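According to this note's numbering, the residues represented by the sequence shown are 7 to 367, in order.
Each residue gets a CB set at the ideal place from its N, CA and C atoms; glycine is no exception.
None of these values were measured; they are calculated from a predicted model.
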Amino acid sequence: MLTAADEWHVHQTPEPIAVAGTDRNFYDRSYFGAFDPQSGLMVAAAFGMYPHLNVADAHLTVVLGGVQHAVHASKTLHSDRATLRVGPVAIEVVEPLRCLRVTVDETDGVAAELTVTGTHFPIEEPRFVYRIGPRTFMDYTRLSQGCTVDGWVSVDGERHVLGAGAFALRDRSWGIRPTGAPDPQPHLPPRAPQFAWLWTPVRLPGRTIFWHLNADAAGRPWNTRATICPDRAGEEEHVHAHGVMTPVLEPGTRWVAGATLTIAADDGTDLELTYEPRAHLEMQGLGYRHPSWSHGLAHGELEVARETIDLTAPDPGALHRWHRQLLCDVTAVDRAAETTERGTGILEHLVIGPYAPLGLG
7 MLTAADEWHV HQTPEPIAVA GTDRNFYDRS YFGAFDPQSG LMVAAAFGMY
57 PHLNVADAHL TVVLGGVQHA VHASKTLHSD RATLRVGPVA IEVVEPLRCL
107 RVTVDETDGV AAELTVTGTH FPIEEPRFVY RIGPRTFMDY TRLSQGCTVD
157 GWVSVDGERH VLGAGAFALR DRSWGIRPTG APDPQPHLPP RAPQFAWLWT
207 PVRLPGRTIF WHLNADAAGR PWNTRATICP DRAGEEEHVH AHGVMTPVLE
257 PGTRWVAGAT LTIAADDGTD LELTYEPRAH LEMQGLGYRH PSWSHGLAHG
307 ELEVARETID LTAPDPGALH RWHRQLLCDV TAVDRAAETT ERGTGILEHL
357 VIGPYAPLGL G
């Protein structure tokens, strides 16, 4: 099945680009986040292709004053992996691995144009491989990058500019993880769902710090890494580190209310970072565990919708509302140099099922 993507010299197998191995759950996905520490404005976009489901979807979500506005779009892919557009949402690769542009045509009062430019070469995180018994549940690669942002978002006629003072993040991941309709065949022997995820990129003067953790029910990491990326750092100039986070939950919930992260780096850097949340967004606004706009679900040839989420009316019992990103003020104390810096970070978290470090059963 030949498509326009086959003109690019990027093949990794003897198959056309339309064929991505044999697993129905193969996906290829982009995330963008832009944040204004002064106003608390949070903007995020996502774009995903699911070649074997023949579906592509995209989302924009904006947090303003306790209300989250979202645009969701889904289309039949028709094996076209060369067109980075789903309805009103489009991605332009201005300069690979450095500069990308996201545009959202006006949709029920919401529109955006954001250009993100990397402040360092992207980091390649350790390959995420997780099996439940003999079955592969996840197997993917992800890159992450701190960025500057230039552009705007408009909601119901009010335009908000993102530029000086704002910062951005992006990631790209591809491989295998659950997409589309759930597999009806249960795992044997039966096993209750369990997943623990923390991701905490922080923008400090002159550098971006990344730390993430996937852990089992006992808190044992199965994927984790800390990396310090100085501005303009090339691939060989990233500083590798080890990190340990101590989160605190809002009482009676699985939502993080604050955290402390210690970073011990190969170059001797010894940091203690304290996170103080000021705003949050729900990742369902980007399709994550959304009841009807979850990644890879079929919506026909093209469907587009706007949604509003009231963040002041949380529901701790609703699984699709557990996955959050917190916009945080971050205080970073360098214990070796005895200095203190102020920065801004994102603390993304999702904990499903038992997780002993937080007392969750």
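Return helix, strand or coil for Glu354, following the three-state DSSP convention. strand
| field | 7 Å CB neighbourhood of Leu3 in its chain, flanking five on each side removed | value | Residue numbering for the chain in the displayed model covers 7 to 367; residue 3 lies beyond these limits and cannot be assessed.
Quiz item: So the beta strand (DSSP E) Trp328 belongs to, where does it begin and stop?
Solution: Here Trp328 belongs to no beta strand (DSSP E), and DSSP marks it neither H nor E.
I want to know whether the region 39-47 touches the region 245-258 - three or more CB-CB distances under 8 Å.
no
Candidates Met55, Asp156, Gly302: which alpha carbon is nearest Gly171's? Asp156
>> Using only CA atoms, which one of Arg107, Val245, Gly365 lies nearest to Val357?
In response: Gly365
Give the straight-line distance between the Cα atoms of Ser36 and Gly152, rounded to the nearest whole angstrom.
-> 14 Å
Helix, strand or coil at Asp12 [DSSP, three-state]:
helix
From the DSSP output, in three-state form, read off Ala174 for me. strand
Fill in: Residue burial classification, Gln331 (beta-carbon count within 10 angstroms, cutoff 16)
buried
CB-CB under 8 Å to Asp222, same chain, minus the five flanking residues each way: which ones, in chain order?
Gln200, Ala202, Trp228
Reducing DSSP to helix, strand and coil, say where Pro43 ends up. coil
Apply the 10 Å Cβ neighbour rule to Ala342 and answer buried if 16 or more other Cβ atoms are within range, or exposed otherwise. exposed
Report the partner residues of Glu282 according to the DSSP bridge assignment. Asp335
_At 3 residues or longer, what runs of the beta strand (DSSP E) sit wholly inside the region 223-299?_
227-236, 245-255, 262-271, 276-288
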